[in-house]
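Quick notes on the structure that follows.
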Amino acid sequence: MSQTRRLLLLAAVAAAPVAAHDDHERHFPSERLEPAVDAEGLLNTSWASVPQHLDWDAALLFAYSNDPLFTYNVSPSGLPTDRAHVLVQDRLMAHLTGAIALFEWVQLGVELPVLVQQQRVDALAPPGEQESLAAMGVGDLRILPKLRLLQQRSGAPVDVGVQVPVTLPTGASFDYVGETGFSFTPTVLASRRWRVLDGNLRAAGNLGMRMRTRPSVLADGVAVAGNELIVRAGVGYQFAVLADHPTELAVSLASAQATSDFATDIPARSPLELLGEVEHGLGGPLSVFVGGAMGVIAGIGGPDFRAFAGVRFATRAPLDRDGDGVLDDDDKCAREPETKNGFEDADGCPDVDDKDGDGVRDPDDRCVDAAEDKDGFRDEDGCPDTDHDDDGLANDADGCPAQAEDKDGFEDEDGCPDVDNDKDGVLDAADACAAVAEDNDGFADADGCPEADNDNDGVLDASDKCPEQAGSSDNKGCPDPDRDGDSVVDRLDNCPDEKGAVENAGCAAKQKVVLKAGKLEILDKVFFKTGKDVIQEKSFALLDNVASVLAAHPEMKKVRVEGHTDDVGDAPRNKELSALRAKAVATYLVSKGQSAERFETVGFGSEQPIADNGTDEGRAKNRRVEFVIVGD
Numbered sequence: 249m250s251q252t253r254r255l256l257l258l259a260a261v262a263a264a265p266v267a268a269h270d271d272h273e274r275h276f277p278s279e280r281l282e283p284a285v286d287a288e289g290l291l292n293t294s295w296a297s298v299p300q301h302l303d304w305d306a307a308l309l310f311a312y313s314n315d316p317l318f319t320y321n322v323s324p325s326g327l328p329t330d331r332a333h334v335l336v337q338d339r340l341m342a343h344l345t346g347a348i349a350l351f352e353w354v355q356l357g358v359e360l361p362v363l364v365q366q367q368r369v370d371a372l373a374p375p376g377e378q379e380s381l382a383a384m385g386v387g388d389l390r391i392l393p394k395l396r397l398l399q400q401r402s403g404a405p406v407d408v409g410v411q412v413p414v415t416l417p418t419g420a421s422f423d424y425v426g427e428t429g430f431s432f433t434p435t436v437l438a439s440r441r442w443r444v445l446d447g448n449l450r451a452a453g454n455l456g457m458r459m460r461t462r463p464s465v466l467a468d469g470v471a472v473a474g475n476e477l478i479v480r481a482g483v484g485y486q487f488a489v490l491a492d493h494p495t496e497l498a499v500s501l502a503s504a505q506a507t508s509d510f511a512t513d514i515p516a517r518s519p520l521e522l523l524g525e526v527e528h529g530l531g532g533p534l535s536v537f538v539g540g541a542m543g544v545i546a547g548i549g550g551p552d553f554r555a556f557a558g559v560r561f562a563t564r565a566p567l568d569r570d571g572d573g574v575l576d577d578d579d580k581c582a583r584e585p586e587t588k589n590g591f592e593d594a595d596g597c598p599d600v601d602d603k604d605g606d607g608v609r610d611p612d613d614r615c616v617d618a619a620e621d622k623d624g625f626r627d628e629d630g631c632p633d634t635d636h637d638d639d640g641l642a643n644d645a646d647g648c649p650a651q652a653e654d655k656d657g658f659e660d661e662d663g664c665p666d667v668d669n670d671k672d673g674v675l676d677a678a679d680a681c682a683a684v685a686e687d688n689d690g691f692a693d694a695d696g697c698p699e700a701d702n703d704n705d706g707v708l709d710a711s712d713k714c715p716e717q718a719g720s721s722d723n724k725g726c727p728d729p730d731r732d733g734d735s736v737v738d739r740l741d742n743c744p745d746e747k748g749a750v751e752n753a754g755c756a757a758k759q760k761v762v763l764k765a766g767k768l769e770i771l772d773k774v775f776f777k778t779g780k781d782v783i784q785e786k787s788f789a790l791l792d793n794v795a796s797v798l799a800a801h802p803e804m805k806k807v808r809v810e811g812h813t814d815d816v817g818d819a820p821r822n823k824e825l826s827a828l829r830a831k832a833v834a835t836y837l838v839s840k841g842q843s844a845e846r847f848e849t850v851g852f853g854s855e856q857p858i859a860d861n862g863t864d865e866g867r868a869k870n871r872r873v874e875f876v877i878v879g880d
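Here the sequence shown stands for residues 249 to 880, where the numbers follow this note's numbering.
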């Protein structure tokens, strides 16, 4: 090998002799970005405490790195001179993280890095020597169990915890993405928060030792990724003016100091990286963040620069350990409940000169051991007033604590006077039926009693179409007039303006039509030509009679003409024929001066028989036309 040696670096400067451009081990991680999996963490620095039981969070982060891996030429004295080859020029990674808290003591976290894209365009590589890189793949899975030891919100000066991240070689088959062995990183965590200018100042630090079961190796047996001392520290400030949509600005420093002894010393294997981000809450559990990083001290694992952005979902129940309604973050006495007496209630601390916590100081309190009920009634004496109106019902059970119950046997248990028991607008003192509501129908309403049948015609008002006029039950409570005085009431009189005989339905001539409730009943059949919708001439007189009755009763605004058949023949054809015959009858009536809008037609075919279709007589009865009054 020449005096000038090639050195493989992970986005920094390191010294190791390499035989050729791609003559080295590719199964080692060149990605130092390890985001904290807990929402409280500061970039890559984990928080020491644990949230409440079953609080969980998840995040997705995309990170771009520039020149995360290249080689240097090294002078005979061991100092790096110029870059030899770019092994990875651009890389885009996705980091999926999640964590869940258990019993406020343990938090389980996981991170899965995913290679989205990487490339290299090495202008220094001889033609044909530069090999392509894996473009996509899964990195090494990290599992991060955390145990909380001390907790600031429980009275400790700082949060203290331990975390043991375990890395599994799930990405070992991809170029410079993973390694072939496991790693374990026992880490001590510390964190604390302060209230500063109504905002939250937070700081955290991590100190751990990464131990690899199988170091990554270069050519000639030179290890470049072995055991390391991991040091991380972060600080962040959350602005109080954006409490509904909290915004935090955070920075952190991350260092990895190599501790393994190798056959060949490799300087600059301990990078120091400065990271910064801003995170903004979108309301509720959702937030977004964006940031970047730069190398402070070059070394294995630090790119020239990186940029990242992501989204986080975190569920956090607000803490109020003393249950006084003042959240711990704002509670100066987080383990002593506020007395809630109107005196400095926002500080969360009890007021020692008010024993019963009612806001009346003990020297002025007539009931030092019993809290004033603060109901606007003699609140200044410091004593609870259990029955303001002296009606025998305690205020908390009294619907009208300032008005005495009238004790009249009606709803006396509600504590309110009932001046109108039946709520009909007639006061009980003047109400002849105090327990039964007046119907307020404009008829004798002043007596307070309901009148079920105002006109006393035997038809109750609820069903009476003429409640103020006595009438017949057959006519829905309305009078049944007989204009022509022939003893046939108008609604049943085929000729209401012509005096006639009762047996002729009020007409002088014999009738083929009779008016009944809801229908015109024809006393003969409407005959049609066989299998057709053509009306036979012998039925014209019957239909003329129907037309004359309809003309005499304009109050029948809508009539349905129904066609029916027997069950002989094809059912669909019968139904179609019955509809055509009903329409033919309506057309005939229109030709006799009736309005077409007055009729609707329908054919039922054999669906509604009125006799047995098994006999000739029954089938003859089923072949019929009916007139039904559907609107009056």
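Glycine included, every Cβ here is placed at the ideal spot set by N, Cα and C. Since the model is a prediction, treat every value here as computed from it, not as a measurement.
task = For residue 801, count neighbouring Cβ atoms within 10 angstroms of its own Cβ and tell me buried if that reaches 16, exposed if not.
result = By the 10 Å Cβ count, residue 801 comes out buried.
request  = Give the DSSP bridge partners of residue 361, in chain order.
outcome  = Answer by DSSP bridge pairing, in chain order: 343.
Residue 557 to residue 346 span [Cα, whole Å] = Their Cα atoms are separated by approximately 16 angstroms.
task = Decide if the segment 829 to 846 is in contact with the segment 857 to 869; the criterion is three or more beta carbon pairs, one per stretch, under 8 angstroms apart.
result = These segments do not touch.
key: Coarse secondary structure for residue 872, derived from DSSP in three states   = In this structure, residue 872 counts as strand in the three-state DSSP scheme.
Range covered by the alpha helix (DSSP H) that runs through residue 831 = Note, residue 831: alpha helix (DSSP H), 819 to 839.
ask   = Ordered along the chain, which non-local residues of its own chain (more than five positions away) have a Cβ less than 8 angstroms from that of residue 365?
value = Around residue 365, the same chain offers 338, 339, 340, 383 and 384 as residues with beta carbons nearer than 8 angstroms, after the five sequence neighbours per side are excluded.
key: Nearest residue (CA-CA) to residue 425, options 279, 746 and 848   = Minimum Cα distance to residue 425 is reached at 279.
task = Tell me whether residue 295 is buried or exposed, calling it buried when 16 or more other Cβ atoms sit within 10 Å of its Cβ.
result = Answer is buried; the Cβ neighbour count reaches 16.
request  = Mind listing, in chain order, the continuous beta strand (DSSP E) runs of no fewer than 3 residues lying wholly within the segment 743 to 797?
outcome  = Counting only runs of 3 or more, we get 761 to 764 and 767 to 770.
query = Thinking C-beta only, is residue 544 closer than 8 angstroms to residue 523?
reply = Contact flag unset, no.
Where residue 288 falls, given that 16 or more other Cβ within 10 Å makes a residue buried = Taking all protein chains shown into account, residue 288 has 16 or more neighbouring C-beta atoms within 10 Å of its C-beta and is therefore buried.
query = How do the segment 301 to 316 and the segment 396 to 406 stand: do at least 3 beta-carbon pairs fall below 8 angstroms, yes or no?
reply = When Cβ pairs closer than 8 angstroms are counted between the two stretches, the segment 301 to 316 is seen not to touch the segment 396 to 406, the count staying below three.
key: As assigned by DSSP and simplified to three states, the class of residue 611   = Of the three classes helix, strand and coil, the one that applies to residue 611 here is helix, per DSSP.
ask   = Ends of the beta strand (DSSP E) at residue 485?
value = In this chain, the beta strand (DSSP E) harbouring residue 485 covers 476 to 486.
ask   = Under three-state DSSP, which class holds residue 861?
value = Coil.
key: Expected contact under 8 angstroms - CB spacing of residue 506 and residue 474 to nearest Å   = Between residue 474 and residue 506 the Cβ distance is about 7 angstroms, and since that is below 8 angstroms, they are a contact.
request  = Name the two residues that bound the continuous beta strand (DSSP E) containing residue 443.
outcome  = Counted as a single uninterrupted DSSP element, the beta strand (DSSP E) harbouring residue 443 occupies residues 435 to 444.
ask   = Excluding five sequence neighbours on each side, which residues of the same chain lie with their C-beta closer than 7 angstroms to the C-beta of residue 787?
value = Closer than 7 angstroms at Cβ, skipping near neighbours: 774 and 775.
Candidates 353, 526 and 554: closest to residue 537 by CA position = When each option's Cα is compared against that of residue 537, the closest is 526.
ask   = Just reading off the beta strand (DSSP E) that residue 505 is part of, what are its end residues?
value = For residue 505, the enclosing beta strand (DSSP E) stretches over residues 495 to 506.
Boundaries of the beta strand (DSSP E) in which residue 814 is found, first to last residue = Membership of residue 814 in any beta strand (DSSP E) is not indicated, and neither H nor E is assigned to it by DSSP.
ask   = Per DSSP, what kind of secondary structure is residue 879 in: helix, strand or coil?
value = Here residue 879 sits in strand by DSSP.
ask   = Would you call residue 461 buried or exposed, if buried means 16 or more other Cβ atoms sit within 10 Å of its Cβ?
value = That one is exposed.
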